[in-house]
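29 is the number of the first residue of the sequence shown in my numbering; add one for each residue after it.
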Amino acid sequence: MSRVCELTGKKAMVGNNVSHAMNKTKRKFNANLIKKRFYIPEEDKWVTLKVSTSALKTINKVGISAAIKEAKSKGFLK
């Protein structure tokens, strides 16, 4: 399963580990993802989503229904 947020589309970035001697080796910066169950009262059902912690803050602010609607309009969620 890929490490991609289902609501925001955030995924891993590529960068470098840089040593004190300025040697550079490739590394990955993974998104901070959490698997979480949400209750959608309009559909009267529970859904499990893999979301980033920043998406969790957005859900707390605007609500799960609005967050899912926005993700569908942007094409991140089917």
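Virtual Cβ for every residue (Gly too), placed ideally from N, Cα, C.
Small disclaimer: the values here were computed from a predicted structure and weren't measured.
Of the residues the options, which one's Cα is nearest the Cα of residue i?
i     : options                       : result
Lys39 : Arg31, Val46 and Asn45        : Arg31
Lys78 : Leu61, Lys56 and Gly43        : Leu61
Asn58 : Ala94, Glu70, Asn44 and Phe66 : Asn44
Pro69 : Ile96, Lys102 and Lys106      : Ile96
Can you name the residues that DSSP bridges to residue i?
i      : result
Asn80  : Residue 80 is actually Ser in this sequence, not Asn. Paired residue(s): Leu61.
Val114 : In the structure displayed, the chain extends from 29 to 106; residue 114 sits before or after that span and is not available.
Ile68  : Lys73
For residue i, count neighbouring C-beta atoms within 10 Å of its own C-beta (all shown protein chains included) and say buried if the count is 16 or more, exposed if not.
i     : result
Ala83 : buried
Ala94 : exposed
Ala99 : buried
Thr81 : exposed
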